[in-house]
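**Q** In the UniProt record's numbering, the protein residues as written are 1 to 345. Yeah, the Cβ is synthetic: ideal placement off N, Cα and C, and Gly gets one too.
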């Protein structure tokens, strides 16, 4: 059990280390001239170093090693899987950031990581659909759906990391919101785990806040998508916190990326090609900058999605209904904004 003094000390240490680690990655990237050059496929105007998410990944992997050493996770298999697969995701992302990786190879590796990750979990959650309970551990037909959803989460988190601060704010408020949910059900261990991960993200966010001094990169965004999927499935299986609580807090990202993908698919565009037609990118152009969008997303998560996520735990049978209602509404808004359609010069 982590007491308040130890938890606070670890949180502060992670924040300070995150700041120093991100500063070090930024200095290295500038020294090696590893910059993202502005183009018509991105939403930035000045060359900026990238790869800052490496700092987040290293800190969270270190947390996994600490959890293994102190037996915080339920068994050694899931702990080793978290560390090993997290390291693999970091390597894949860094390879993609600073090398040339075929999208098909990258996607195949993501599926492999998700499959191994699912098999490593000691059990899977029971999911409620309008009062009907489905044990995903026993319903093998749902396993491909869980794997596909996990791979989609990894990739959509990368797609949504396109303007300053947005992906960091989503991760920060997701972990903060889930910490409150775990405290509500009396599970302090999981609550502290979320606080620690939020602290690791906050150290990076200080450098990624608009105007960003460094970008997260695939090494951070894909890694976060993996971690969120792993922790969400494991915690929903082992605690009283609903999986829908995680999904609700992620709804803005899920809906924007999903609506954009389907519009591009149905209009015959190459869905593997880089673009800037997500709703959040369109909003940043309409509003004249990244800051209003990042603040708006943060405010929506804080004032709307957090309370609904909490409500999904008070009344577990409402979780799916709350998620699908927000998802459809957000998809409709994204479509109305013109997501997925080619930008008119």
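(1) Provide the residue(s) that pair with residue 35 in DSSP beta bridges, ordered along the chain.
(2) Can you give me the Cβ contacts of residue 7 inside the same chain, cut-off strictly under 6 Å, excluding the 5 residues immediately before and after it?
(3) How about the segment 82-92 and the segment 132-140: do they share at least three Cβ pairs that are nearer than 8 Å?
(4) Using three-state DSSP, classify residue 226 as helix, strand or coil.
(5) Does the Cβ of residue 345 have 16 or more other Cβ atoms within 10 Å, making it buried, or fewer, making it exposed?
(6) In this structure, how does DSSP classify residue 170 when only helix, strand and coil are distinguished?
(7) On the three-state DSSP scale, how would you describe residue 201?
(8) In the DSSP assignment, find the alpha helix (DSSP H) that holds residue 78 and state where it starts and stops.
(9) Where residue 267 and residue 261 are concerned, what is the direct C-alpha to C-alpha distance, given to the nearest angstrom?
(10) At the level of alpha carbons, what is the spacing between residue 194 and residue 178?
(11) Taking the alpha-carbon positions, what's the residue 313 to residue 63 distance?
(12) Where does the unbroken beta strand (DSSP E) through residue 134 begin, and where does it stop?
(13) Using a 10 Å radius around the Cβ and a threshold of 16 neighbouring Cβ atoms, would you call residue 100 buried or exposed?
(14) Within 10 angstroms of the Cβ of residue 303, are there 16 or more other Cβ atoms? Answer buried if so, exposed if not.
(15) Label residue 130 either buried or exposed according to how many other C-beta atoms from any shown protein chain fall within 10 Å of its C-beta, with 16 as the threshold for buried.
(16) On a Cα-Cα basis, can you pick out the residue from 209, 322 and 172 that is closest to residue 242?
(17) Is residue 129 helix, strand or coil when you go by DSSP?
(18) Please report the straight-line C-alpha distance between residue 281 and residue 227, rounded to a whole angstrom.
(19) Measuring CB to CB, does residue 224 end up less than 8 Å from residue 157?
(20) My assumption, with CB atoms under 8 Å, is that residue 199 sits in contact with residue 18. Please give the rounded CB distance.
(21) Please report the straight-line C-alpha distance between residue 300 and residue 238, rounded to a whole angstrom.
(22) So is residue 285 buried or exposed if we call it buried at 16+ other beta carbons inside 10 Å?
(23) Got a sec? Which residues, its chain only, sit under 7 Å from residue 235 by beta carbon, not counting five neighbours each side?
(24) Going by other Cβ atoms of all chains shown within 10 Å of its Cβ, with 16 needed for buried, is residue 170 buried or exposed?
(25) Roughly how many angstroms lie between the CA atoms of residue 338 and residue 71, to the nearest whole one?
(26) In chain order, what residues of the same chain have a beta carbon less than 8 Å from the beta carbon of residue 83, not counting five sequence neighbours either side?
(27) Kindly indicate the opening and closing residues of the alpha helix (DSSP H) around residue 277.
(28) Report the residue from 146, 183 and 168 whose alpha carbon sits nearest the alpha carbon of residue 291.
(29) Excluding the 5 residues flanking residue 340 on each side, which residues of the same chain have their C-beta closer than 6 Å to its C-beta?
(30) Reducing DSSP to helix, strand and coil, say where residue 335 ends up.
(31) Considering residue 290, what are the terminal residues of the alpha helix (DSSP H) in which it resides?
(32) Here's the rule I'm using: 16 or more other beta-carbon atoms within 10 Å means buried, otherwise exposed. How should residue 255 be labelled?
**A** From the atom records:
(1) 49
(2) 192
(3) no
(4) helix
(5) Model confidence at residue 345 stands at a pLDDT of 45, short of 50, so the residue's coordinates are unreliable; what they give is reported in the following sentence. Exposed, by the Cβ-count rule.
(6) helix
(7) helix
(8) 76-98
(9) Residue 267 and residue 261 have their C-alpha atoms spaced approximately 10 Å apart.
(10) 7 Å
(11) 26 Å
(12) 132-135
(13) exposed
(14) exposed
(15) Exposed, since its Cβ has fewer than 16 Cβ neighbours within 10 Å.
(16) Scanning 209, 322 and 172 for the CA closest to the CA of residue 242 turns up 322.
(17) Reduced to three states, the DSSP call for residue 129 is strand.
(18) 25 Å
(19) yes
(20) Taking a contact as a CB-CB distance under 8 Å, the pair residue 199 and residue 18 counts as one, their CB atoms being some 7 Å apart.
(21) Roughly 29 Å separates the two Cα atoms.
(22) exposed
(23) 190 and 241
(24) buried
(25) 48 Å
(26) 61, 64, 65 and 68
(27) No alpha helix (DSSP H) holds residue 277; DSSP gives it neither H nor E.
(28) Of the candidates 146, 183 and 168, the residue whose Cα lies closest to the Cα of residue 291 is 168.
(29) 260, 263, 264 and 277
(30) Three-state DSSP puts residue 335 in a helix.
(31) Unbroken run through residue 290: none, as it is neither H nor E.
(32) buried
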